[in-house]
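All remarks here apply to the structure that follows.
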Ligand SMILES: [Zn+2]
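In the numbering used here, the protein residues as written are 331 to 488.
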């Protein structure tokens with residue numbers, strides 16, 4: 331059975347409530363699936379939904395970073411795209427190519443609504459993660475582990 335959609339008010343409430351991440355942000359990297367380091371880390375909070383932060387870095391271009399706060403495995407209620415290209419398909423025609431923008435869950439656009447952040451966001455993964463946690467009211471006292479080393483595939487060395 332499909333899960334009921336989360337509402338904008340619920341997403342805002344979850345985002346604004348104090349939350350925490352225990353432990354360190356550790357990367358996983360499977361070169362057979364592409365040049366991406368990924369991390370998923372649970373978020374502690376008082377709501378009856380599962381909350382996780384997903385992080386992805388393109389190891390070929392390590393300034394291409396995305397973070398997402400995901401509820402119930404399906405709903406990206408907050409996101410941060412660094413040095414990524416796309417436009418808003420709903421709401422307005424703002425475009426980032428490439429650029430840094432945040433995503434916010436809205437009733438009209440779901441997770442597609444993006445806006446330019448009010449503050450400058452570093453392209454350094456550790457500093458950017460700390461800003462993302464602050465934006466989402468997540469206290470994080472762990473470490474962001476070093477990114478894995480990119481392994482070149484046969485296509486790259488030929
Ligand atoms: Zn984006």
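Even for Gly, the Cβ is constructed at its ideal location relative to N, Cα and C.
Keep in mind it's a predicted model, so treat the numbers as computed, not measured.
- Only exposed fits residue 479, as fewer than 16 other CB atoms lie within 10 angstroms of its CB.
- With a cut-off of 6 Å, the C-beta of residue 458 is classified as distant from ligand 1, since no heavy atom of the ligand falls inside that distance.
- In this structure, residue 444 has its CB closer than 6 Å to one or more heavy atoms of ligand 1.
- Remark: the C-beta of residue 411 is in contact range of ligand 1, defined as less than 6 Å to any heavy atom.
- For residue 405, the enclosing beta strand (DSSP E) begins and ends at 405–417.
- Residue 370 holds the alpha-carbon nearest to the alpha-carbon of residue 356 among 370, 363, 447.
- Between the stretch 332–344 and the stretch 357–369, the count of C-beta pairs closer than 8 Å stays below three; the two stretches do not touch.
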